[in-house]
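Participant: Chains as they are written, first to last, in my numbering: chain A, 185 to 510; chain B, 33 to 295.
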Amino acid sequence: MGKYILKRIIGLAVLLLGITIITFIVIHIAPGKPTDLEAQFNPKVSMEARERIAHLYGLDKPLHVQYIEWLKRFARFDFGVSFMDSRPVGQKILERIPITLTIELVSIILILLIGIPIGVTSAVKEGSFYDRFMTVFVFIGFAVPTFWLSLILMDFVGVRWGLLPISGIKSLEFEKFGNFDKFIDLSKHLVLPVLVSAFGGLAGISRYMRSSMLHVLKQDYIRTARAKGLAEKDVLYKHALKNAFLPVVTILGLSVPGLIGGSVIFESIFSIPGMGRLFYESVMARDYPVIMGVLVVGAVLTLLGNLLADISYAAVDPRIKLEDNL
Amino acid sequence: MNKLTLFGIGIVGFFIIIAVFAPMIAPYNPGQIDIENILTSPSGSHIFGTDSLGRDLFSRMVYGTRISLMVGFIAVGIAAIIGIALGAIAGYYGKWTDAVIMRFIDIMLCFPTFFLILAVVALLEPSIINIMIIIGATSWMGIARLIRAEILSLKERDFIYAERAIGASDLRIITRHLIPNAMAPALVSITLGIAGAILVESSLSFLGIGVQPPTPSWGNILSEGKAVMGAGWWMMLFPGLAIFITVLGYNLLGEGIREKLLR
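The structure is reproduced here in structure tokens:
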């Protein structure tokens with residue numbers, strides 16, 4: 185197990201290098217230099233001043249030198265400073281991550297708690313009215329655009345019925361609250377974003393769970409379990425469920441980039457100061473150091489998600505010969 | 033054929049007809065401003081109502097269909113070309129070629145795609161062409177993997193050995209024999225990809241980084257709808273429904289193809 189994790193981490197280092205190269209290329213193929221933005225505020229900026237700014241950011245050096253210098257700083261977790269407010273990029277991202285991660289984690293738990301039972305029961309009752317109803321529900325879930333769902337929820341739950349706050353993560357008088365009220369206040373603000381974030385993934389997970397369960401139920405060992413007279417309940421929930429759950433773990437790991445990517449949309453709609461909104465604002469302001477920082481951090485979070493999924497997969501399933509997997 | 037699949041085909045066909053015959057279907061010029069009829073609710077003369085500049089929402093939606101479908105088709109076309117080419121090369125040549133391409137796919141899969149798209153579109157200036165290229169360039173990985181997997185097993189089959197024996201070139205074997213036989217799983221992915229691309233385009237346009245006004249797209253109409261929330265429900269309802277129904281249509285069609293081809 186330890187050897188496997190080590191091998192995986194070496195593999196991750198290669199991926200990480202690739203991620204930094206692509207991020208660097210993406211930012212540098214774009215026309216328009218960061219210096220344009222600084223010059224834009226002051227039309228009188230001379231050529232010399234432009235060159236001075238370019239020199240300050242090392243933009244006058246050849247690309248590969250720029251990349252290597254950026255990589256060196258990146259290895260020390262130094263992402264540079266934001267163009268917008270001159271604060272360290274690492275710090276700006278770090279203070280946003282907990283908010284986004286909290287929302288994502290709660291939605292993943294919600295997705296599992298609702299999606300797994302839906303998938304399992306649909307598979308067990310394959311072809312029944314319930315199964316067909318759930319299939320339609322899943323297709324609807326796949327197709328509803330999250331931003332539209334957010335708007336509808338905002339309009340009805342927030343504006344018309346006034347049930348929940350629709351913007352930000354805390355009320356104005358937040359600091360005056362006691363700890364319990366603070367928790368309640370935060371939770372109220374996060375209900376809609378979490379619902380929206382979970383909604384999209386729900387359809388996928390329940391669908392995967394259903395097909396995985398259907399596949400397992402056709403296996404010989406299930407027939408054996410039934411043949412030796414086990415109660416149907418034990419066959420389904422002890423033998424089948426465990427095996428059917430495994431592929432879903434991988435899917436969950438693979439869905440991390442989608443969840444993080446989706447955070448841009450609902451965080452900007454609900455004005456949540458998370459990573460997605462930071463990214464959106466930085467992109468709009470062409471704040472290159474922050475854009476590069478968030479792209480890399482987002483990809484690293486994905487890597488970690490996949491690694492976690494693989495390790496838990498390997499830990500649960502003794503059949504997997506870890507050494508062969510690389 | 034499955035009823036749901038038929039339903040999907042119906043939806044897909046319906047919107048294609050609307051896109052093709054947009055000038056004949058739209059009752060008004062989609063850009064025609066009418067300051068006397070700002071934000072009027074749906075009525076006989078404006079069946080979907082008007083927007084905050086008095087433009088006919090129905091006409092804008094009809095023309096928006098063109099944009100959404102065009103972005104969907106072309107973006108997925110680009111993704112399919114990249115995915116099929118790289119998948120076929122990786123699967124056929126194997127060894128280090130395969131290793132390099134597969135690592136590249138792994139790396140691309142790590143990025144939160146929407147972040148990548150957002151960054152590139154915003155830095156390159158959001159034009160429809162840029163949007164199509166970028167969506168295509170970030171969504172080919174699934175197709176490449178499917179093609180590669182198919183070709184890995186196909187290339188060991190007798191008919192490929194026979195082709196080699198009569199001296200067919202690699203290019204001929206790949207394009208004439210391997211790719212056509214490997215397309216079935218990728219076809220499902222391509223159909224679902226159209227839905228995905230339409231969703232991404234409308235999300236970008238909704239965030240103001242996609243199709244730019246005054247060109248109508250479902251996403252940017254919805255964004256205008258957000259601005260007038262509470263004063264014009266029709267601005268929020270109709271574009272959202274259009275996106276939802278279209279995406280549903282392609283998903284159902286994709287699922288139908290999966291059942292037809294892969295079982």
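Ideal Cβ placement from N, Cα and C applies to all residues, glycine included.
Look at the Cβ atom of residue 460 of chain A, then the Cβ atom of residue 449 of chain A, and state whether they are nearer than 9 angstroms.
Facilitator: Going by C-beta atoms, residue 460 of chain A is nearer than 9 angstroms to residue 449 of chain A.
Participant: Beta-carbon separation of residue 268 of chain B and residue 336 of chain A under 9 angstroms?
Facilitator: Yes.
Participant: Is any beta-carbon of chain B found at less than 9 angstroms from that of residue 446 of chain A?
Facilitator: Taking Cβ atoms only, chain B reaches closer than 9 angstroms to residue 446 of chain A, which makes this a yes.
Participant: For a contact defined as C-beta to C-beta under 9 angstroms, what are the partners of residue 283 of chain B on chain A?
Facilitator: Simply 323, 326 and 327.
Participant: Grab the span of the alpha helix (DSSP H) containing residue 85 of chain B for me, first residue to last.
Facilitator: Here residue 85 of chain B belongs to no alpha helix (DSSP H), and DSSP marks it neither H nor E.
Participant: Expressed to the nearest angstrom, what Euclidean distance is found between the alpha-carbon atoms of residue 248 of chain B and residue 287 of chain B?
Facilitator: Roughly 30 angstroms separates the two Cα atoms.
Participant: Mind listing the chain A neighbours of residue 180 of chain B? Cutoff is C-beta to C-beta under 7 angstroms, in chain order.
Facilitator: Correct list: empty, because the minimum Cβ distance to chain A is about 17 angstroms.
Participant: CA-CA distance, residue 77 of chain B and residue 66 of chain B?
Facilitator: Their Cα atoms are separated by approximately 13 angstroms.
Participant: DSSP three-state call for residue 265 of chain A: helix, strand or coil?
Facilitator: It is a strand residue.
Participant: Note down, in chain order, each residue of its chain lying with its Cβ closer than 8 angstroms to the Cβ of residue 235 of chain B, except the 5 sequence neighbours on either side.
Facilitator: Hits under 8 angstroms: 146, 242 and 251.
Participant: Does DSSP put residue 473 of chain A in a helix, a strand or coil?
Facilitator: Three-state result, residue 473 of chain A: helix.
Participant: Could you name the residues of the region 261 to 282 of chain A whose beta carbon sits closer than 9 angstroms to any beta carbon of chain B, in the order they occur along the chain?
Facilitator: Here the close residues number zero.
Participant: Determine, using beta carbons only, whether residue 467 of chain A comes closer than 9 angstroms to chain B.
Facilitator: Judged by the 9 angstroms Cβ criterion, residue 467 of chain A is in contact with chain B.
Participant: List, in order along the chain, the chain A residues whose C-beta lies closer than 7 angstroms to that of residue 145 of chain B?
Facilitator: The contacting residues are 441 and 445.
Participant: If you draw a straight line from the alpha carbon of residue 183 of chain B to that of residue 364 of chain A, how long is it in whole angstroms?
Facilitator: Distance between the alpha carbons of residue 183 of chain B and residue 364 of chain A is about 59 angstroms.
Participant: Strictly under 9 angstroms for the Cβ-Cβ distance: is residue 374 of chain A near chain B by that measure?
Facilitator: No, its Cβ sits nowhere closer than 9 angstroms to a Cβ of chain B.
Participant: Any beta carbon of chain B sitting closer than 9 angstroms to that of residue 363 of chain A?
Facilitator: Not closer than 9 angstroms to any Cβ of chain B, the Cβ of residue 363 of chain A fails to qualify, so no.
Participant: For residue 483 of chain A, which residues in the same chain have their Cβ closer than 7 angstroms to its Cβ, ignoring the five residues on either side in sequence?
Facilitator: The answer, listed in chain order, is 203.
Participant: In chain A, which residues lie with their C-beta within 9 angstroms of the C-beta of residue 100 of chain B?
Facilitator: Per Cβ cutoff of 9 angstroms: no residues; residue 100 of chain B is ~11 angstroms from chain A at best.
Participant: Name the chain B residues whose beta carbon is nearer than 8 angstroms to that of residue 464 of chain A?
Facilitator: Correct list: 150 and 239.
Participant: Can you tell which of A:332, A:367, A:372 and A:331 has its C-alpha closest to the C-alpha of residue 350 of chain A?
Facilitator: Checking every option, the nearest Cα to that of residue 350 of chain A belongs to A:372.
Participant: For the region 260 to 285 of chain B, which residues have a beta carbon sitting closer than 9 angstroms to at least one beta carbon of chain A?
Facilitator: Of all residues in the region 260 to 285 of chain B, 261, 262, 265, 268, 269, 271, 272, 273, 275, 276, 277, 278, 279, 280, 281, 282, 283 and 284 have a Cβ within less than 9 angstroms of some Cβ in chain A.
Participant: Taking 9 angstroms as the threshold (C-beta atoms), are residue 278 of chain B and residue 91 of chain B in contact?
Facilitator: Contact flag unset, no.
Participant: Are the C-beta atoms of residue 320 of chain B and some chain A residue less than 9 angstroms apart?
Facilitator: Here chain B has residues from 33 to 295 only, and residue 320 of chain B is not among them.
Participant: Below 6 angstroms CB to CB, which residues in the same chain sit around residue 271 of chain B once its five sequence neighbours on both sides are set aside?
Facilitator: Only 250, 253 and 254 meet the Cβ criterion.
Participant: Nearest to residue 95 of chain B by CA position, among B:165, B:155 and B:59, is which residue?
Facilitator: Nearest C-alpha to residue 95 of chain B: B:59.
Participant: Check whether the Cβ atoms of residue 486 of chain A and residue 141 of chain B sit closer than 9 angstroms, and answer yes or no.
Facilitator: Cβ distance < 9 angstroms, so residue 486 of chain A and residue 141 of chain B count as in contact.
Participant: For residue 221 of chain B, report the span of its alpha helix (DSSP H) as first-last.
Facilitator: That run of the alpha helix (DSSP H) goes 211 to 238.
Participant: Please list, in chain order, all residues of the same chain as residue 143 of chain B whose beta carbon is under 7 angstroms from its beta carbon, the five residues on each side excluded.
Facilitator: None.
Participant: How long is the line joining the alpha carbons of residue 481 of chain A and residue 318 of chain A, rounded to whole angstroms?
Facilitator: About 36 angstroms.
Participant: If we ignore side chains and look at the alpha-carbon of each, how far apart do residue 296 of chain A and residue 393 of chain A end up?
Facilitator: Residue 296 of chain A and residue 393 of chain A: Cα-Cα distance of roughly 10 angstroms.
Participant: Considering only heavy atoms of the ligand MG, does any lie closer than 8 angstroms to the CB of residue 455 of chain A?
Facilitator: Looking for the ligand MG in the displayed structure turns up nothing, as the structure carries no ligands at all.
Participant: Would you kindly work out how many angstroms separate the C-alpha atoms of residue 477 of chain A and residue 161 of chain B, rounded to a whole number?
Facilitator: Rounded to whole angstroms, residue 477 of chain A to residue 161 of chain B spans 27 angstroms at the Cα level.
Participant: Identify every residue that forms a DSSP beta bridge with residue 272 of chain A.
Facilitator: DSSP lists A:265 as partners of residue 272 of chain A.
Participant: Find the nearest neighbour of residue 98 of chain B within the set B:290, B:53 and B:265, judged by alpha-carbon distance.
Facilitator: Ranking B:290, B:53 and B:265 by Cα distance to residue 98 of chain B puts B:53 first.
Participant: Quick one: is residue 295 of chain A near chain B, going by C-beta distance under 9 angstroms?
Facilitator: With 9 angstroms as the cut-off, residue 295 of chain A does not count as an interface residue toward chain B.
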